[in-house]
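First up is the structure itself, then whatever we jot down about it.
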Amino acid sequence: MTGRPRIAVVTFPGSNDDRDALDALEQLGATAVPVWHGDERLPDVAAVILPGGFSYGDYLRCGAIARFSPAMKAIAEFAAGGGLVLGICNGFQILCEAGLLPGALRPNASLSFLCRDVGLRVERVDTPFTARCEPGQHLSIPIKHGEGCWFVDAALLAELESRRQIVLRYEQNPNGSVSDVAGVCNESGNVMGLMPHPEHAVDPLLGSTDGALILRALIAAAREASPTLASAAV
Amino acid sequence: MRATVLVRPKPGILDPQGQAVESSLRELGFSVGDARVGRVVDLEVEARDPASARAEVERMCEQLLTNPLIESYEIELPS
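Chains as they are written, first to last, in the working numbering: chain W, 302 to 535; chain D, 12 to 90.
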């Protein structure tokens with residue numbers, strides 16, 4: 302545990318969880334680097350978080366406009382090179398629209414905006430985001446979304462299952478998501494999106510610290526991916 | 012040239028908006044079923060002829076106006 306890896310949090314017009322993500326990262330041992338969506342280049346960082354919110358007012362479809370932000374091109378290149386990218390809520394929606402993650406997010410089956418803690422089951426622990434969890438571990442992390450109903454067709458779901466890309470499932474499905482999916486990763490496992498908000502569950506005062514398991518895993522993986530920090534740790 | 016794009020949730024996709032509209036219509040006494048709610052985009056397209064306008068609008072649909080995973084589209088142009 303030496304050195305604070307640098308992790309970017311990208312602010313889009315309409316992001317509203319960017320500051321919570323920055324605070325959570327700092328609190329858990331990273332150097333959080335704010336990035337504006339209009340920046341064409343990423344600063345020197347070892348991981349990127351796309352935070353929650355309502356980028357571009359959710360116009361057209363959630364995340365559909367934000368995916369054309371200049372920063373997204375740099376993030377797609379960063380991800381293609383194996384860079385760690387975590388999309389939370391609106392960030393997950395943006396990654397799906399950008400084609401960096403499979404699926405699309407539709408209005409909740411109930412049409413209600415949902416804001417409460419949900420139980421999650423960790424389906425996979427060999428990812429940079431869940432390495433600090435136990436297989437099948439129960440996590441309590443809040444959701445707050447109107448469009449969290451993740452959809453893929455049956456054929457794509459079967460492919461994703463066989464490649465073990467489903468990382469988190471709801472214990473009780475709140476939004477109609479296909480196969481209770483709460484979080485998925487890309488094929489190589491360096492990009493993950495989830496609807497629950499780990500950055501809102503890092504302080505006991507807020508009821509749960511389970512979100513810290515995910516963010517600490519990301520920070521540890523980012524530290525490993527930082528050449529100067531990794532060599533300093535040896 | 013004026014173009015209209017009709018965007019629909021694909022068959023089989025859960026459409027809670029359609030369901031809510033349908034149940035409200037039933038409460039008003041209408042006998043309706045299978046209501047689906049989509050989106051209409053009206054556009055002014057610069058194009059030489061309807062064929063090139065259609066090709067242009069198709070590209071717009073593929074790149075931005077629709078998400079092919081969950082939505083289908085239909086393009087209407089003046090005949």
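The beta-carbon is built from N, C-alpha and C at its ideal position, and this holds for glycine as well.
On a predicted model such as this, the values are computed, not experimentally measured, just so you know.
{"Item": "Identity of the residue in D/Gly40, D/Leu17, D/Leu39, D/Ala46 nearest D/Gln28 by Cα", "Value": "D/Ala46"}
{"Item": "Neighbour list for D/Pro27 in chain W, Cβ cutoff strictly below 9 Å", "Value": "Arg407, Pro408, Asn409, Ala410, Ser411, Leu412, Cys450, Gly477"}
{"Item": "Of the residues W/Glu435, W/Ala380, W/Arg425, W/Leu421, the one placed nearest W/Pro443, counting alpha carbons only", "Value": "W/Leu421"}
{"Item": "Which of helix, strand or coil DSSP assigns to W/Asp481", "Value": "helix"}
{"Item": "Buried or exposed (CB count within 10 angstroms, at least 16 for buried), W/His498", "Value": "buried"}
{"Item": "For W/Met493, the three-state DSSP class (helix, strand or coil)", "Value": "strand"}
{"Item": "Separation of W/Thr510 from W/Ile520, as counted between CA atoms", "Value": "15 Å"}
{"Item": "Proximity below 8 Å, CB of W/Ala348 to CB of W/Ala518", "Value": "no"}
{"Item": "Under 8 Å between C-beta atoms of W/Val336 and W/Ile308", "Value": "no"}
{"Item": "Residue range of the alpha helix (DSSP H) that includes W/Gly512", "Value": "512-525"}
{"Item": "Any 3 or more C-beta pairs closer than 8 Å across the region 46-62 of chain D and the region 317-336 of chain W", "Value": "no"}
{"Item": "Touching by the beta-carbon criterion (3+ pairs, under 8 Å), the region 459-478 of chain W and the region 421-433 of chain W", "Value": "yes"}
{"Item": "Secondary structure of W/Ser509, DSSP reduced to three states", "Value": "strand"}
{"Item": "Chain W contact for D/Ile86 (CB, 8 Å cutoff)", "Value": "no"}
{"Item": "CB contact below 8 Å: W/Glu398 versus chain D", "Value": "yes"}
{"Item": "Proximity below 8 Å, CB of W/Lys445 to CB of W/Leu415", "Value": "yes"}
{"Item": "For D/Lys21, the three-state DSSP class (helix, strand or coil)", "Value": "coil"}
{"Item": "Nearest neighbour of D/Gly23, chosen from W/Gly484, W/Val503, W/Phe452 [CA to CA]", "Value": "W/Phe452"}
{"Item": "Contact check, W/Ala410 vs W/Asn476, beta carbons under 8 Å", "Value": "yes"}
{"Item": "DSSP-derived helix/strand/coil call for D/Glu85", "Value": "strand"}
{"Item": "Contact the region 480-500 of chain W vs the region 368-387 of chain W: 3+ CB pairs below 8 Å", "Value": "yes"}
{"Item": "Interface partners of W/Ala365 on chain D, CB under 8 Å", "Value": "Leu75, Asn78"}
{"Item": "Distance between beta carbons of W/Gly449 and W/Met496, contact taken as under 8 Å", "Value": "4 Å"}
{"Item": "D/Ala31: contacting residues in chain W (beta-carbon distance under 7 Å)", "Value": "Leu412"}
{"Item": "For W/Pro443, the residue or residues it bridges with in DSSP", "Value": "W/Asp418"}
{"Item": "Span separating the alpha-carbon of W/Val535 from that of W/Ala526", "Value": "Confidence in W/Val535 is poor, its pLDDT being 45 and thus under 50, which makes the residue's placement unreliable; the coordinate value appears in the next sentence. Approximately 13 Å, taken between the alpha carbons."}
{"Item": "The region 395-407 of chain W touching the region 65-85 of chain D, judged by at least three CB pairs closer than 8 Å", "Value": "yes"}
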